[in-house]
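What follows is a set of notes on a single structure, which appears directly below.
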């Protein structure tokens, strides 16, 4: 088998758009000389906290299943770092799940999030443009998992929210906001 016979993997749609259109637009907007200095997305972290799992350990399985369906990879279970008596929590108890997406999975997840999931939210007016951390990274929360079409609506045992963090190589919030806006993130107008 030669190199030309190798099966060609398709490039995710959003990644291709980033390479062909967004890089040149960002270089023009911020007057960046070197292509390697153009902000890009490095990873997306999807976190689902299940505080009730401290009392009922079976709840963590539902969160892991939902997160695996949404992200396309098996999430890691988050365990409590220290014991807190008021919450009936002991060190090492499972209290959530998270998945870190990189590479093509990350681009495909962002594409599904922006084009399918966010428009399906009832009374959605846009994402807050103030959720940046000062270094161009963006974090926002969703209060239910049902907007993702990978989740079977009939098999939802309970509504679970999640936090999504988009980590970029942007040096400031202005660059991060411009990058995410060009990727299709629907920000509220201020």
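Numbering (our numbering), first residue to last: -11 to 178.
C-beta: ideal position from N, C-alpha, C; glycine also.
These numbers come from a predicted model, not from an experiment.
Item, Value
"Per-residue burial, residue 176 [other beta carbons within 10 Å of its own, 16 or more giving buried]", "exposed"
"Close Cβ partners of residue 128 (< 8 Å) along its chain, the five nearest in sequence each way excluded", "115, 116, 119, 151, 152"
"According to DSSP, residues forming a beta bridge with residue 35", "86, 151"
"Given 8 Å, three or more beta-carbon pairs between the segment 11 to 24 and the segment 60 to 67", "no"
"For residue 59 and residue 97, the rounded distance between their alpha carbons", "7 Å"
"Per-residue burial, residue 4 [other beta carbons within 10 Å of its own, 16 or more giving buried]", "exposed"
"For residue 18, the first and last residue of its enclosing alpha helix (DSSP H)", "11 to 18"
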